[in-house]
Amino acid sequence: MLRYPAPADKADWESALPIGNGRLGAMIYGGVATEILRLNEESVWYGGPQNRTPQSAVFLPELRDLIRRKRHAEAEVLAKKRFLARPRSARHYEPLGQCFLEFEHAGEYKNYERCLDLENAEVNIRYELNGNVIRRSCIASFPHGVIAIRIQAEEIIAFSVALSRMSDKWYETNEFLESLAIRDGKISMCATPGGKNSNQAWLVAGVRCWDKDGGTEVVGRTLNVRSRDVVIILGARTLWNNKNGDPELEAAEDVEDALKISPEKLWGEHRKDWQCIYGRQKLQLWPEDKETYTEDRIKHGGIRDPGLIALYHAYGRYLLLSSSRNYPDALTPTLQGIWNPYFSPPWGSKYTLNINLQMNYWPVNTSNLSECSMPLFYLLHRLCSNGEKTARDMYGCGGWCCHHNTDIWADTDPQDEWMPATLWPLGGAWLCTHIWEQYEFDEDREFLEWMFPVLRGCVEFLLDFLVEDASGKWLVTNPSLSPENTFVEEDGKKGYFCEGSTLDIEIIRTVFEDFLKSVEVLHNGPDKVLPPVGTAFLARVEAAIRKLPPIRISPTHFGIQEWGLADYADFEPGHRHVSHLFSLYPGSTITPTSSPALAAASLQTLKARLEYGGGHTGWSRAWLISLFARLRRPEQCHENIQALLRDSTVPNMMDNHPPVQLDGNWGGCAGILECLVQSHEVVEMEERRVRLIRLLPACPKEWKNGKLKGAKAKGGFKIDFEWENGRIVEPVIINSTIGHEAMVCFHDCGMDELSYGVMTKVNGKGRHKVIR
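Each residue of the sequence shown is one higher than the last, beginning at 1 in full-length UniProt numbering.
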């Protein structure tokens, strides 16, 4: 539970508390005189779809030749002239509006408390005013598709309800607010973000008093309320995927249906829906400082308060379930989740594909929220469809691709005019690595069949896009870059383009291998029918894998080479991205056991990045936690978790880039779980390859007492265990839901990568009590 002793200042969005049902989101300030709800609906984006694809394929051979000959300045001139999209930017995410509750309060309030109850997904506010105890509860109901506020008081209180679409910035005031009116006793507001031809959005507010003395009155375009027990319902719909073409009617029906239900039933159905998913997993770390308010706990960075780390994990799961629910055509969380107060948000509050959207979903399976990943796969299907034109017109390739940003319309063209990031067509390929990753946890064959055409189209593009390097020995990407980074040549000149960056090659290797494994699974299904790929296509994939260059260790700095075949120096040694460590995490081919030399080089890379100030953004700090966890370095994991809390967490516990970006919350949640359970390795057992599950592989010694219920591992394993004084308490409960065998490795808190732990095995389907 997040707890605060005072309301959030109306200008302090970073202290307000979030609620969400996947589609609708609100930030609750908890004000006494004025309560503000800043509202979002996932499909409220500025403007409509665009056709921005440059016709650049004819210029690709020239660009490749310049890069091959290391004529970087000329390559950049050509790229800017021929390969950039027009307009330069995809669309951006906008607020839906605000709801204001203006209370007729006089006097000083006391005994105030504001809290976010994670286990029930509700914001609760309580205070006393002139002897009157007033309570407020706010939820975002998934079953009913609305936001609901219940206000209860011992004596009648008076307040007004109003809707608005105002910006705090004078030049954005009333951005595309079309109408505001009272209809059938409800406030109805229409917005057209981006103008008349864009997605139309309707916000509707209704009120019902549940006490016999309560009542409402229409005054202008507000509702005045007097009551002891009242519920305010907010509903919103847009033209995005609207079935009947009347979003105002749909929003009004959502509100009316919710107003008919008793508060007890509305809140009860909300809690039941939430708890059946959120309640699958719980992490506890002791000691836990429950008495101190959350903002003060954050300032201390979790020192002598391991319970704060458990709270951070719980909050990450809360944010993910609040912003990424599974329903038809659901949208993924943006850089800010579904909570964005700005009409011109940082980086457009888009879907950024060179790590950020991927990081949003890193904890989705390990935190036992697997169905929350479905919006990502809906997006992949739409990217696949749109990306065929981009692949053909820009690169002369089959299949599909997209670049480093996309939007609600699944835009696949280059974003901005920034050479370290813009011309990178592997954003879709990185997303495709999530397909097999998802399959490995539950082995859902129907899911793999559904996603197979997307994966095949990605493979087709990659096969066509790969070319031989200057030596003719290797297949590489060209143009290639390492996201957002810059290198320095021997003559001191800066550059961005290379042949086959390490990230590119390792993404491609992963996608190709995932594709071959998917073919094997689908071919070995009940019908024994080979997916529609053909043996010649499979042979192309296998041949391409053999010609991909290996990961290289630099002979100068002894870390992993970032720029593939070239051992360039870093222009910014402490850069926030560590893209060349993809195969350590989120990939899985580098481990201290199977590839000790690459693991040692990865550690050297991390040390160098941190020595020069790396990890200075919240999401990059979160990434470091998982990287060190994979290297089984608990001390460094703890240091970076503390830094994430201390330096990159705002009062409402959201991650701070700065400004707020929630990828860091989700990356941090994933990293905490990586410290406790890992299942990315496969080992030999009695001439069979089985999953290796590590327990406490990188658990800091500071977390010496804890309990984890509902951990999820690859291969269909569910795990419950606890530990005392740094050692696992036996037995560990492991449920093999699919029927696979596994090896289990018991580690102790504080063990380093050279300590291999004690191995035992799990035999087949069912619930097992496992001991060392």
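Ideal Cβ placement from N, Cα and C applies to all residues, glycine included.
- Its chain contains Glu41, Ser43, Val44, Asn199, Gln200, Ala201, Trp202, Pro247 as the residues whose beta carbon lies nearer than 8 angstroms to that of Thr238, once the 5 sequence neighbours on both sides are disregarded; these appear in chain order.
- Straight across, the Cα-Cα distance linking Thr292 with Trp13 is about 22 angstroms.
- Shown here, Trp623 sits in a helix according to DSSP, grouped into three states.
- Secondary structure of Leu96 (DSSP, three-state): coil.
- One Cα belongs to Leu129, the other to His313, and the distance between them is close to 36 angstroms.
- In this structure, DSSP gives Lys547 a state outside helix and strand, which the three-state scheme calls coil.
- The beta-carbon distance between Leu39 and Gln98, rounded to whole angstroms, is 6 angstroms. This is short enough to meet the 8 angstroms contact definition.
- For the beta strand (DSSP E) assignment, the uninterrupted runs of no fewer than 3 residues enclosed by the region 640-725 are, from N- to C-terminal side, 677-685, 688-695, 705-713, 717-724.
- Within the same chain, Val146, Lys186, Val204, Ala205, Gly206, Ile233, Leu234, Gly235 come within 8 angstroms of Val255 by CB-CB distance, once the 5 residues on both sides are set aside.
- Beta-carbon to beta-carbon, Leu462 and Ile505 are separated by about 11 angstroms, too far to satisfy the 8 angstroms threshold.
- Counting of Cβ neighbours within 10 angstroms places Ala742 among the buried residues, the total reaching 16 or more.
- Ala601 carries a helical assignment under DSSP once its states are collapsed to helix, strand and coil.
- Secondary structure of Glu490 (DSSP, three-state): coil.
- Pro420 places its beta carbon 8 angstroms or farther from that of Asn478.
- One thing to note: Ser626 has its Cβ no nearer than 8 angstroms to the Cβ of Glu687.
- Where Phe497 is concerned, there is no enclosing beta strand (DSSP E), because DSSP gives it neither an H nor an E.
- Nearest in C-alpha terms to Gln284, of all of Arg183, Pro95, Ile672, Gln561, is Ile672.
- Using a C-beta cut-off of 8 angstroms, the region 593-603 makes contact with the region 614-634, since at least three inter-stretch Cβ pairs fall below that distance.
- By the Cβ criterion, the region 696-709 is not in contact with the region 389-402, since fewer than three pairs of Cβ atoms, one from each stretch, lie closer than 8 angstroms.
- Annotation for Val488: Lys494, Gly495, Tyr568, Ala569, Asp570, Phe571 place their beta carbon closer than 8 angstroms to its own, counting only its chain and skipping 5 residues before and after.
- Using a 10 angstroms sphere on the CB of Val77, the tally of other CB atoms stays under 16, which defines it as exposed.
- Classified as exposed, Lys769 has fewer than 16 neighbouring CB atoms from the shown chains inside 10 Å of its CB.
- Only buried fits Phe582, as 16 or more other CB atoms lie within 10 angstroms of its CB.
- Counted as a single uninterrupted DSSP element, the alpha helix (DSSP H) harbouring Tyr439 occupies residues 427-442.
- For Thr294, the enclosing alpha helix (DSSP H) has its first and last residue at 294-299.
- In the pairwise beta carbon analysis, the region 56-67 is classified as not touching the region 371-390: fewer than three pairs are separated by under 8 angstroms.
- With distances taken between CA atoms, Trp723 lies nearest to Gly750 out of Gly750, Phe537, Glu388.
- Of all alpha-carbon atoms in Tyr127, Ser370, Leu180, the one lying nearest the alpha-carbon of Tyr278 is that of Ser370.
- Sequence-distant partners of Glu288 (beyond 5 residues in either direction) whose C-beta falls short of 6 angstroms from its own C-beta, in its chain, are Gly307.
- In the three-state reduction of the DSSP assignment, Ile139 falls in the strand class.
- Sequence-distant Cβ neighbours of Pro483 in its own chain, meaning closer than 8 angstroms and more than five residues away, are Asn354, Ile355, His404, Pro420, Ala421, Trp424, Leu503, His577, Ser579.
- A Cβ-Cβ distance of about 16 angstroms is found for the pair Lys765 and Phe441, leaving them out of contact under the 8 angstroms criterion.
- Given a length threshold of 4 residues, each whole run of the alpha helix (DSSP H) inside the region 332-367 is given here in chain order: 356-360.
- Contact annotation: Gly667 and Met359 have beta-carbon atoms nearer than 8 angstroms.
- Note on geometry: alpha-carbon atoms of Arg88 and Ala75 lie some 19 angstroms from one another.
- Take Thr617, set aside five residues on each side of it, and the residues of its chain with a beta-carbon closer than 6 angstroms to its own are Arg576, His657, in chain order.
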